[in-house]
Amino acid sequence: MQPSSTLLDQTSGMEYFLKTAPFLHLDLTTTTTTTPSTSTSTTTTLPTIDPEEQRRLLQEGYFTADLNVGHLSSRLAQGIAKLRAAGFPASFILMFDEAWELSSKIDSKMGPLTGNTNNGDMLAWDIDPNRNEVGFSPHRDRQPENIALSFHANGMPKYSTAWVALTDATPENSCLYVIPKEFDPGYMTGDLDSIDPLRRCLPDKHGYQNIRALPVPSGTGIFFSHRILHWGSRGRRKYPTPRMALSMACSTNDYEPCYFANPSEQLPFPSYKVRLGLICGQCICYHERFQFTGTEMKLFVEVWNATKHHFSLFYHKKVLKEVIPAVEEALHRDGLNPSAEVGSAGQKDHMKGVVGGTNYSSGSEDDDMLDAALDAMLDGGDDTMGFHDDFDDMGEGVEEMAKRSKDEDSLPTAKRQKK
Numbered sequence: 000m001q002p003s004s005t006l007l008d009q010t011s012g013m014e015y016f017l018k019t020a021p022f023l024h025l026d027l028t029t030t031t032t033t034t035p036s037t038s039t040s041t042t043t044t045l046p047t048i049d050p051e052e053q054r055r056l057l058q059e060g061y062f063t064a065d066l067n068v069g070h071l072s073s074r075l076a077q078g079i080a081k082l083r084a085a086g087f088p089a090s091f092i093l094m095f096d097e098a099w100e101l102s103s104k105i106d107s108k109m110g111p112l113t114g115n116t117n118n119g120d121m122l123a124w125d126i127d128p129n130r131n132e133v134g135f136s137p138h139r140d141r142q143p144e145n146i147a148l149s150f151h152a153n154g155m156p157k158y159s160t161a162w163v164a165l166t167d168a169t170p171e172n173s174c175l176y177v178i179p180k181e182f183d184p185g186y187m188t189g190d191l192d193s194i195d196p197l198r199r200c201l202p203d204k205h206g207y208q209n210i211r212a213l214p215v216p217s218g219t220g221i222f223f224s225h226r227i228l229h230w231g232s233r234g235r236r237k238y239p240t241p242r243m244a245l246s247m248a249c250s251t252n253d254y255e256p257c258y259f260a261n262p263s264e265q266l267p268f269p270s271y272k273v274r275l276g277l278i279c280g281q282c283i284c285y286h287e288r289f290q291f292t293g294t295e296m297k298l299f300v301e302v303w304n305a306t307k308h309h310f311s312l313f314y315h316k317k318v319l320k321e322v323i324p325a326v327e328e329a330l331h332r333d334g335l336n337p338s339a340e341v342g343s344a345g346q347k348d349h350m351k352g353v354v355g356g357t358n359y360s361s362g363s364e365d366d367d368m369l370d371a372a373l374d375a376m377l378d379g380g381d382d383t384m385g386f387h388d389d390f391d392d393m394g395e396g397v398e399e400m401a402k403r404s405k406d407e408d409s410l411p412t413a414k415r416q417k418k
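Here the sequence shown is numbered in numbering that gives the first Met the number 0, starting from 0 and rising by one per residue.
This is how it looks when you write it as structure tokens:
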């Protein structure tokens with residue numbers, strides 16, 4: 000992995016990424032892929048809505064669709080493999096135009112169907128059973144306080160996700176599984192504190208027959224609402240092909256604001272530093288789902304601090320809520336104890352330097368939150384400002400989480416997306 004100074008310099012950074020995956024492109028404003036670009040099309044067609052896809056999203060909570068992307072998915076998969084060999088997480092594939100070409104394909108389907116557009120919650124996945132890797136355990140993408148208000152008047156979700164297979168996704172290398180809406184009592188009414196949502200769907204042996212596996216070939220998208228229970232399986236060792244995918248969330252601004260500061264100007268092909276900042280912000284937000292080291296987290300935080308002005312206040316706060324536990328987790332993984340000297344002013348200043356970088360200055364709302372979070376962490380408490388994630392953090396169910404935290408009111412009302 001290259002140092003942040005190299006990546007933040009656009010010339011050297013572009014040179015490095017293009018050398019790593021020379022079959023991909025980083026032209027920033029247009030694509031030169033073999034797939035027709037939505038941004039350069041000379042024909043104008045009205046958006047179409049497939050009635051069957053509409054019916055399935057409304058009644059089942061999901062549908063699958065071939066995105067007709069040709070070799071785009073396989074090239075992205077090759078790019079992820081090259082990035083991983085160079086020490087970068089799969090989500091760094093978002094540096095390349097081809098990933099944004101795919102996001103435009105998703106937008107062209109999701110927008111007319113749901114009224115939702117790309118909100119910036121994007122990630123890429125590289126799950127290899129031979130590395131003992133597994134997909135995320137059962138979860139919902141969002142847990143709104145008022146579920147009814149998280150849907151449009153026509154029943155469409157105000158938050159929806161597209162999960163696109165870049166390699167064939169099978170039960171042997173970790174495909175997605177879902178509980179369809181009709182078999183999920185908590186889908187529209189909400190989950191109960193007294194029972195894990197998945198257990199509620201599976202009260203007896205007959206309930207297990209409602210679990211639906213979704214193996215899909217490369218280039219196929221699985222589109223689903225924020226309320227559907229879904230997860231990735233554990234693949235079979237010795238299976239030759241990792242499961243690679245790209246996920247993108249779409250929402251309305253009134254339900255969940257866009258991550259980009261000026262989406263109309265920054266999309267569909269963001270600038271170099273917007274791409275880099277989003278990737279690093281996402282790595283911080285999803286730190287619990289990846290095994291990042293202290294060196295990696297330091298790079299993510301440094302890049303985020305240098306690029307965060309490209310993003311909305313909503314996303315600033317989202318990243319800030321995770322940066323302290325992300326750094327703490329990485330330091331523990333490296334065998335360090337960030338709270339060894341409880342209440343140490345020097346240690347607190349050191350942590351401020353790590354998570355705040357050169358942009359740290361006292362007095363702002365963000366800095367007050369940073370101070371409070373650091374105080375909580377250095378006092379040895381686990382519950383850093385209530386920043387922990389939803390019912391399924393680290394494989395926990397509702398009952399297990401209740402044992403960990405007595406204050407259920409501290410849980411966030413809109414939970415992070417996990418795939």
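Quick reminder that beta carbons are idealized off the backbone N, C-alpha and C, glycines included.
In angstroms with no decimal places, state the Cα-to-Cα distance between residue i and residue j.
i    : j    : result
N308 : Q281 : With the sequence shown as reference, residue 308 is identified as His, and Asn is not the correct amino acid for it. Near 15 Å, if we compare the C-alpha coordinates of Q281 and H308.
E255 : Q53  : 22 Å
S311 : N252 : 12 Å
A152 : D195 : 29 Å
L101 : A168 : 17 Å
K108 : N117 : 11 Å
Y15  : Y258 : 26 Å
I79  : A325 : 23 Å
L175 : H229 : 7 Å
T292 : E328 : 9 Å
E132 : G231 : 10 Å
L298 : T240 : 29 Å
L75  : T188 : 39 Å
H24  : T113 : 30 Å
I210 : I178 : 5 Å
F135 : Q9   : 33 Å
N172 : F62  : 21 Å
A85  : M0   : 6 Å
Taking the continuous alpha helix (DSSP H) assigned at residue i, which residues delimit it?
i    : result
H448 : Only positions 0 to 418 of the chain appear in this structure, which leaves residue 448 out of reach.
F87  : Element bounds for F87: n/a, residue is neither H nor E.
N118 : Careful: N118 lies outside any alpha helix (DSSP H), inside the beta strand (DSSP E) at T116 to I126.
A305 : G293 to T306
R199 : P196 to C200
A98  : D96 to T113
L17  : Q9 to T19
For residue i, which three-state DSSP category applies?
i    : result
T166 : coil
C257 : coil
R211 : strand
F289 : coil
F310 : strand
F268 : coil
H70  : coil
F150 : strand
P138 : Looking at the sequence provided, one finds His at residue 138 rather than Pro. Here H138 sits in strand by DSSP.
P50  : helix
P324 : helix
P156 : strand
S217 : coil
F22  : coil
G280 : helix
M187 : helix
T5   : helix
S263 : helix
L27  : coil
Taking all protein chains shown into account, decide if residue i is buried (16 or more other Cβ within 10 angstroms of its Cβ) or exposed.
i    : result
K18  : exposed
L93  : buried
K237 : exposed
S361 : Any reading at S361 is ruled out, since the residue's pLDDT is 40, under 50, leaving its predicted position unreliable.
Y207 : exposed
T166 : buried
I278 : buried
R130 : exposed
P2   : exposed
P21  : exposed
I48  : exposed
L148 : exposed
E144 : exposed
G220 : buried
What is the residue span of the beta strand (DSSP E) that residue i lies within?
i    : result
V177 : L175 to I178
G334 : Looking at the DSSP string, G334 is not in any beta strand (DSSP E), and its letter there is neither H nor E.
For residue i, would you say it is in contact with chain C, using Cβ-to-Cβ distances shorter than 8 Å as the test?
i    : result
G293 : No chain C is present in this structure, which holds just one protein chain.
Starting from residue i, follow its DSSP beta bridges and name the residues at the other end.
i    : result
F62  : F222
V133 : R233
S246 : L122 and W162
F182 : Answer is none; F182 lacks a bridge partner.
Is residue i near the ligand GTP, judged by its Cβ being under 7 Å from some heavy atom?
i    : result
F222 : By its list of ligands, the structure shown contains no ligand whatsoever, and the ligand GTP lies outside what it can speak to.
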